[in-house]
Amino acid sequence: MKKESNTTSRRAFVKTTGAVAAGSFFIVPRHVLGKGYIAPSDKLNLAAIGAGGKGRSDILNAYQDGANNVVALCDVDTARAKASIEQFPKAKFYKDFRVMLEEMKDGIDAVTISMPDHVHGIAAMAAMQLGMHVYVQKPLTHNIYEARKLTEAAREYKVVSQMGNQGASNPAQQWMIEQFDKGTVGKVHTVYVWTNRPVWPQGIPVPTDKVKMPESLSKSDWDLFIGPADYVDYHPLYHPFKWRGWWNFGTGALGDMGCHIIDPAFRVLKLGYPTEVECSVGQVFTKDWVPEHIPEGCPPSSNVELKFPASKHNKSEVKMIWTDGGIRPFHPDLIPASHYLGEESGANGVLMIGKKGIMMCGVYGNDPKVYFKNGEVRKMPENYKTTNPNEKMREFGHQVSWTQACKAGFDSPEHKALTSSFDYAGPLTETVLMGNLAIRSYAEGKLNDRGRMDYTGRKKMLWDGQTMKITNHDAANKYVAREYREGWKLI
Ligand SMILES: NC(=O)c1ccc[n+]([C@@H]2O[C@H](COP(=O)([O-])OP(=O)(O)OC[C@H]3O[C@@H](n4cnc5c(N)ncnc54)[C@H](O)[C@@H]3O)[C@@H](O)[C@H]2O)c1
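Using this note's numbering, the letters of the sequence shown map in sequence onto residues 167 to 657.
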């Protein structure tokens, strides 16, 4: 197992050979250079775990039209990975990321990890332990414990990390930080965050019908898809894309969008671990009076309140109110009724309510504005000068900034300038997943003699972020981490 940073030595090699000649491109095999050296072409050797869906745009953006090499692709489903395989015919194709990482440990510098949420943690940890830099889709992990462990591991193994909440690199977020730091909205006491997700089936019964697997998947491919989760038979209600609505694989609407939409408030207000969480969730009725009880599935809608203590940066306690399933906050008086909330469609948004005004934006921090008590509305100027040199690239250059930081090395200025390295993304993900802990606990209960549920987990819960424990309802602590299927582990 490799623990030390390899980037310093790679960079030293590149510098001493002076081999970064403009336009030159040749790959020196890694066995010539020895482990830990980057090729003189100064291109990263990239691999993708998850090459279809979002994985395709992640690896394409990191590849940056040839600025880097794509040396390996991994996907359990050849049909989903087809376009990436065709685009990178020289890349070695794998179905099992553990085999890929082991076989190519001397040939991969950095990995994009863009498959269902339940495998992010294990794949990222395995890559980091081999000294590979990692770009991991949001939410960073499936549970709070994994997020904490990845955050620590990125530092321990000295790798450059970035979570895939690309809005973090939107110059709009920098503008909002400046506005808040100037005191324009004053202390913020309440934050509303909302989304129209789920836009995939949620709150539906667990599928029980047997469905034939598509040609592109074998039994063992499906077993790899399941990975550390509990085994269930293949069903199109799981793969592709719809895995989001099942706790076994996904993290629901909150997990899907929280790292995008909670991000601006978490960043601008410099929030830390929440101290309290409470929720209520939408019910589904297929018969009179008795709601469906589907603890395996994420609910069709939820309303979550998180509380954060006052800090030096924002000298007020903050109540954050999250709603999904299309439930939106009401129009604050300060915002004219003719103005939209959040983004133009109203589908997603953020409202930070301060003593002096309201800061608002849509998803990814888009379209930020400040509303003042005197009726003034301040927008981000079109010629706003950002420190993000890649702002005009796809997804605000979020993947490209990461590849540049990988080349510059751990703790380099480029690394420190990343907007969602795990030091930031870990606590953000933990906060998002706190909401899910409450949502899952909300479904807990026992059937009584009248055939109705007595719910036991519908509580306001108190959280000790340092020790990762709910202090007033121990039963909920089982959602902090999960047990993995035999044969799978985090370390
Ligand atoms: N940042 C964004 O804007 C954004 C957008 C969409 C999705 N995402 C995130 O990207 C991740 C993937 O979501 P998606 O929508 O692309 O899902 P998807 O189901 O459409 O695609 C997932 C891909 O991963 C492959 N896969 C599944 N299990 C695998 C495994 N064990 N090993 C290798 N490959 C595996 C699938 O075959 C598929 O090609 C999720 O974490 C999601 O939250 C982020």
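Even glycine gets a Cβ: it sits at the ideal position worked out from N, Cα and C.
> By the 10 Å Cβ neighbour count, where 16 or more other Cβ atoms means buried, how is H497 classified, buried or exposed?
Replying inline: exposed
> What are the start and end residues of each continuous beta strand (DSSP E) run of 3 or more residues lying completely inside the stretch 205-284, in chain order?
Replying inline: 211-215, 235-240, 258-260, 276-279
> For ligand 1, is there a heavy atom less than 8 Å away from the beta-carbon of H286?
Replying inline: yes
> Measuring from the CB of N331, is there a heavy atom of ligand 1 at a distance below 8 Å?
Replying inline: yes
> Can you name the start and end residues of the beta strand (DSSP E) that Y301 belongs to?
Replying inline: 299-302
> Taking 8 Å as the line, does the beta carbon of R363 fall inside it for any heavy atom of ligand 1?
Replying inline: no
> How about N234 and K209: do their beta carbons lie closer than 9 Å?
Replying inline: yes
>> Looking at the strands, I want to know which residues DSSP matches up with V536.
In response: DSSP, once it has assigned bridges, lists M525, R544 as partnering V536.
>> Please state the DSSP three-state secondary structure of E444.
In response: strand
> In chain order, what residues of the same chain have a beta carbon less than 7 Å from the beta carbon of M294, not counting five sequence neighbours either side?
Replying inline: V300, A319, A320, Y323, V325
> Given V377, which residues of its chain have a CB within under 6 Å of its CB, disregarding the five upstream and five downstream residues?
Replying inline: H401
> Got a sec? Which residues, its chain only, sit under 7 Å from G563 by beta carbon, not counting five neighbours each side?
Replying inline: S335, N554, N556, E557
> How about K261 and S386: are their beta carbons less than 9 Å apart?
Replying inline: The Cβ atoms of K261 and S386 sit closer than 9 Å to each other.
> Helix, strand or coil: how does DSSP classify R177 here?
Replying inline: Note that R177 scores a pLDDT of 31, beneath 50, so its modelled location is shaky; the value from the coordinates is reported in the next line. Here R177 sits in helix by DSSP.
> Secondary structure at S607, three-state DSSP: helix, strand or coil?
Replying inline: If DSSP states are grouped into helix, strand and coil, S607 belongs with the helices.
> So what does L517 bridge to, in DSSP terms?
Replying inline: Y358, M526
> Which residues share a DSSP beta bridge with L306?
Replying inline: According to DSSP, L306 bridges with nothing at all.
> Alpha carbon to alpha carbon, what distance is there between G463 and Y404?
Replying inline: 11 Å
> DSSP three-state call for W488: helix, strand or coil?
Replying inline: strand
> Should the stretch 624-633 be called in touch with the stretch 431-449, which here means at least 3 C-beta pairs below 8 Å?
Replying inline: yes
> Is the beta carbon of L390 within less than 8 Å of some heavy atom of ligand 1?
Replying inline: At least one heavy atom of ligand 1 lies less than 8 Å from the C-beta of L390.
>> For ligand 1, I want to know if E338 counts as a neighbour, meaning its beta carbon is within less than 8 Å of at least one of the ligand's heavy atoms.
In response: One point to set straight first is that residue 338 is Ala, not Glu, in the sequence displayed. No, Cβ of A338 sits at least 8 Å from all heavy atoms of ligand 1.
> In three-state terms, what does DSSP make of S327?
Replying inline: strand
>> Using 8 Å as the cut-off, can you tell me whether the stretch 275-292 makes contact with the stretch 213-220, which would need three or more C-beta pairs spanning the two stretches below that distance?
In response: Under the Cβ criterion (8 Å, minimum of three pairs), the stretch 275-292 counts as touching the stretch 213-220.
> Thinking just about the alpha-carbon of each residue, which of K271, Q230, K220, K256 is nearest to the one in R694?
Replying inline: Nothing about residue 694 can be reported from this structure: the residues present for the chain run from 167 to 657 only.
> In the stretch 341-406, which residue ranges form an unbroken beta strand (DSSP E) of at least 3 residues, counting only runs that do not cross its ends?
Replying inline: As far as the stretch 341-406 is concerned, its whole beta strand (DSSP E) runs of at least 3 residues are 354-360.
>> Can you determine whether any heavy atom of ligand 1 sits closer than 8 Å to the C-beta of P495, and answer yes or no?
In response: Answer for P495: no, Cβ out of range of ligand 1.
>> Just to confirm before moving on: does the CB-CB distance between M546 and K535 stay below 9 Å?
In response: yes
> Using a Cβ-Cβ cut-off of 7 Å (strictly less than) and excluding sequence neighbours within five positions of N362, which residues of its own chain qualify?
Replying inline: G492, A513, N514
> Measuring CA to CA, which of A292, R314, S327 is closest to Q303?
Replying inline: For the set A292, R314, S327, the Cα lying nearest the Cα of Q303 is the one of S327.
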